[in-house]
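Written below as structure tokens is the structure these notes are about.
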Amino acid sequence: MSAFYQLNPEQQSQCLLQMAAQALRHWSLQGSELQLVKYRENAVYRVDTADGRRYALRIHRPGYHSGAALRSELQWMSALAEKGIAVPEVIPTVDGRLLVSESHLAVPEERDIDLFAWIDGKPFGSVEQGLGDNAERIEHLYSTLGAMAARLHNGSSDWMPPEGFERHAWDREGLVGEEPFWGRFWELELLTEEQKRLMESVRERIAEKLEGYDRSPQRYGLIHADFVPENLMVEGDTVRLIDFDDAGFGWHLFELATALYFIQEEPGYPVAKQALIDGYRRERALSDQELEDLELFLAARACTYLGWIRSRQETETARELAPDLIRRACKQAEHFLSLG
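Counted from 1, the sequence shown has number 180 at position 180 by the UniProt record's numbering; the numbering is strictly sequential.
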């Protein structure tokens with residue numbers, strides 16, 4: 001393993017900072033000030049130019065998406081912006097590219113890099129912050145989330161991806177197939193033997209339910225797949241959706257399950273769930289019959305988070321989150337299997 005991966009996250013981010021500084025030439029931004037914003041999987045740096053402009057530069061982690069998939073993400077974001085959905089503005093390079101590949105001696109592999117206009121805003125909320133006990137705030141937050149999800153699905157339902165468009169799928173194979181998108185979650189080494197058997201059982205049940213499941217545009221299409229409050233940025237009267245890294249093809253209910261997954265144990269969950277549904281229905285049809293399968297997609301979402309740990313075990317973030325993610329996933333699996 002490269003010495004880079006023996007460094008702690010702060011040291012790694014300093015190496016990636018050197019790569020970021022080198023990459024600025026693609027946008028004629030050499031010499032701009034760089035400041036780390038976030039480093040979990042991708043690294044995001046704020047770019048401040050001498051004349052007062054501000055951008056966000058993103059260095060992608062290696063091995064997750066191909067260059068074609070990343071360009072497709074940016075193409076979809078640009079299409080959503082044209083439809084009036086508030087997303088970050090993609091900044092092309094001086095020669096018109098949406099994405100560049102960069103190498104640097106401080107980093108062991110080539111990395112893909114893109115640039116966005118800076119968003120002066122604050123996250124709508126966070127998993128760590130929780131729902132709190134203000135019912136009015138909870139209702140407003142999740143009603144907004146639901147409406148935004150519906151507008152996103154409307155925008156993707158009538159958009160024709162260009163030739164060469166490439167994104168992964170959160171379909172039956174991507175969720176519970178032989179090689180799920182985030183890995184064979186039932187083989188996660190951190191699980192006990194009993195937990196592994198539990199996850200194998202829930203995997204089989206989900207696979208049965210998703211066999212031949214409706215994939216019409218009314219229920220399936222391009223989704224964000226990480227629809228949580230921290231990915232909604234409030235900027236004045238504008239609520240902007242960020243972080244399309246996990247975006248791909250999937251069922252719309254999987255989107256809603258993602259928004260609800262981490263708040264199920266909170267007292268305000270019933271209010272949040274109903275507000276999410278009501279907000280969604282203001283913008284897009286969602287029948288009671290469809291909603292009967294929400295538990296199916298909550299269980300599928302639980303499985304993916306174990307795969308997330310397995311595919312990122314070298315990261316400090318995955319190690320820190322693993323105990324809670326395992327506890328939640330096993331609880332969700334037991335609940336789903338109990339439904340018969």
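Idealized CB from N, CA, C, for every residue including glycine.
CA-CA distance, V228 to F254, rounds to 12 Å. By the Cβ criterion, the segment 209-225 is in contact with the segment 241-249, since at least three pairs of Cβ atoms, one from each stretch, lie closer than 8 Å.
Here the alpha carbons of V100 and G132 stand approximately 42 Å from one another. E41 carries a coil assignment under DSSP once its states are collapsed to helix, strand and coil.
With fewer than 16 neighbouring CB atoms inside 10 Å of its own CB, E292 falls in the exposed class.
Contact between V47 and R54 holds, since their C-beta atoms are separated by about 7 Å, short of 8 Å.
If one requires a minimum length of 4 residues, the alpha helix (DSSP H) runs lying completely within the segment 156-211 are 172-176 and 193-210, in chain order.
Separation of the CB atoms of A275 and G146 is rounded to 7 Å, and the pair is thereby assigned contact status at 8 Å. For D114, there is no enclosing alpha helix (DSSP H); the enclosing beta strand (DSSP E) has its first and last residue at V107 to A117. Put simply, the backbone Cα of I119 is about 7 Å away from that of P88.
In this chain, T238 is not harboured by any alpha helix (DSSP H); it is covered by the beta strand (DSSP E) spanning T238 to L241. Taking the Cβ atoms as the reference, V176 lies roughly 6 Å from C303, within the contact range of under 8 Å. Counting only unbroken stretches of 4 or more residues, the alpha helix (DSSP H) elements lying wholly within the segment 257-315 are 269-283, 288-291 and 294-311, in sequence order. C-alpha of M199 to C-alpha of E136: approximately 37 Å in a straight line. With 16 or more other Cβ atoms inside 10 Å of its own Cβ, K273 counts as buried. Secondary-structure assignment with DSSP links K122 through a beta bridge to V234. For a cut-off of 8 Å, the C-beta gap from W27 to L115 is around 6 Å, short enough to register as a contact. Judged by beta-carbon spacing, E73 lies within the 7 Å limit of F244, meaning their Cβ atoms are closer than that value.
Annotation for G250: the continuous beta strand (DSSP E) segment containing it runs G248 to W251. Remark: fewer than three beta-carbon pairs, one from each stretch, lie closer than 8 Å, so the segment 91-107 and the segment 154-164 are not flagged as touching. DSSP lists R111 as the beta-bridge partner residues of E102. Nearest in C-alpha terms to L325, of all of I309, G67 and H335, is I309.
Per DSSP, the unbroken alpha helix (DSSP H) holding G67 starts and ends at G67 to E82. According to the DSSP assignment, L222 belongs to the beta strand (DSSP E) that extends over Y220 to I223. If you draw a straight line from the Cα of I223 to the Cα of S338, it comes to about 29 Å. In this structure R151 touches I85 by the C-beta definition: roughly 6 Å separates them, less than 8 Å. Residue state for D324 is assigned as helix, using DSSP reduced to three classes. Within the same chain, and ignoring the five residues on either side of E235 in sequence, the residues whose Cβ sits closer than 7 Å to its Cβ are I119, D120 and G121.
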